[in-house]
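Reviewing the structure listed below.
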Amino acid sequence: RKEVEQDPGPFNVPEGATVAFNCTYSNSASQSFFWYRQDCRKEPKLLMSVYSSGNEDGRFTAQLNRASQYISLLIRDSKLSDSATYLCVVSASGTYKYIFGTGTRLKVLA
Amino acid sequence: GAVVSQHPSWVICKSGTSVKIECRSLDFQATTMFWYRQFPKQSLMLMATSNEGSKATYEQGVEKDKFLINHASLTLSTLTVTSAHPEDSSFYICSASGQANSPLHFGNGTRLTVT
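Spelled out as structure tokens, the structure:
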């Protein structure tokens, strides 16, 4: 089993739709969680950190479920510009070890 | 926010030559930096962890003598692809974090083409 798993997609959704991605992790000692966005032929960019209480940034909401060991990303009112690959990154407590999911590809269609 | 600068953004070289890629943390100190490679339509693959003042830690299958990493200061790590071959053509990206468990910040990547 991979340490961090994501559904690779692609998720094809119409503009304005709400879409959610999950990312599961196997190491219960994981401490920090992040969502990154990567556009084609570009570097990943931090979308948001994921906090225990959940957090929201505009149309994006991230949640952490420690009991079931997964994090989620919800995108509301999808825009064409949201089309990208979304990477889940998990870090174990007190380490510089970051584990990446393979990414979930999102296509928002006009 | 934290900025990581990577240079060059792209490079074309002839087979057999060596290419050096620089990764700098501009507004924070990074004792640890990471180097990745990404082939088209594939996931990021961690190549090595660069540690300031000590040897890099390479992932399984990555040749340390081919991909030389030097992390001589708290703000600079370099990756040298030695005796490059066409199969080394790829997108190389570095990242760094100011402290453990903080978000990683990525350089803008280097697209290497070996002819």
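Listed in order, the protein sequences are those of chains X and Z. Count along the first sequence starting at 1, add 603, and that's the number in my numbering. Count along the second sequence starting at 1, add 341, and that's the number in my numbering. Using N, Cα and C, we set each Cβ at its ideal position, and we do this for glycine too. A quick note: this is a predicted structure, and the numbers were derived from the prediction, not measured.
What are the boundary residues of the beta strand (DSSP E) that residue i is part of?
| i | result |
| --- | --- |
| Z/Cys435 | Ser431 to Ala437 |
| X/Pro617 | Phe614 to Pro617 |
| Z/Ser414 | Phe408 to Ser414 |
| X/Thr707 | Thr707 to Leu712 |
| Z/Lys361 | Val360 to Ser366 |
| X/Tyr639 | Ser633 to Gln641 |
| X/Ser686 | Looking at the DSSP string, X/Ser686 is not in any beta strand (DSSP E), and its letter there is neither H nor E. |
| X/Ala604 | A quick correction: the sequence has Arg, not Ala, at residue 604 of chain X. Careful: X/Arg604 lies outside any beta strand (DSSP E) and carries neither H nor E. |
Going by alpha carbons, who is nearest to residue i out of the options?
| i | options | result |
| --- | --- | --- |
| Z/His412 | Z/Leu387, Z/Thr373 and Z/Phe432 | Z/Thr373 |
| X/Thr664 | X/Ser629, X/Gly619 and X/Leu677 | X/Leu677 |
| Z/Thr454 | Z/Trp351, Z/Gln347 and Z/Gln440 | Z/Trp351 |
| Z/Val403 | Z/Lys382, Z/His446 and Z/Trp376 | Z/Trp376 |
| Z/Gly357 | Z/Asp368, Z/Val344, Z/Lys382 and Z/Ser430 | Z/Ser430 |
| X/Ser696 | Z/Ile434, Z/Gln440, Z/Cys435 and Z/Tyr433 | Z/Gln440 |
| X/Tyr673 | X/Asp685, X/Gln634 and X/Ala620 | X/Gln634 |
| Z/Arg365 | Z/Thr419, Z/Gln383, Z/Thr398 and Z/Lys382 | Z/Thr419 |
| Z/Gln370 | Z/Asn392, Z/Lys382 and Z/Lys361 | Z/Asn392 |
| X/Thr627 | X/Tyr699, X/Val711 and X/Ser694 | X/Ser694 |
Take residue i and list the residues in its own chain whose beta-carbon comes closer than 6 Å to its own, dropping the five residues that flank it on each side.
| i | result |
| --- | --- |
| X/Thr707 | Gln609, Asp610, Gly612, Phe624 and Tyr689 |
Cutting at 8 Å between CB atoms, please list the residues of its own chain near residue i, excluding the five before and the five after it.
| i | result |
| --- | --- |
| X/Val692 | Val607, Phe636, Phe637, Trp638, Tyr639, Tyr701, Ile702, Phe703 and Gly704 |
| Z/Lys368 | Looking at the sequence shown, residue 368 of chain Z is not Lys but Asp. Correct list, in chain order: Ala343 and Val344. |
Would you call residue i buried or exposed, if buried means 16 or more other Cβ atoms sit within 10 Å of its Cβ?
| i | result |
| --- | --- |
| Z/Pro427 | exposed |
| X/Ala632 | exposed |
| X/Ala713 | exposed |
| Z/Pro444 | buried |
| Z/Ile353 | exposed |
| X/Leu683 | exposed |
Once you ignore the five residues that flank residue i on each side, which residues in its own chain have a CB closer than 7 Å to its CB?
| i | result |
| --- | --- |
| X/Ala550 | As shown, chain X starts at 604 and ends at 713. That puts residue 550 of chain X outside it, with no answer to give. |
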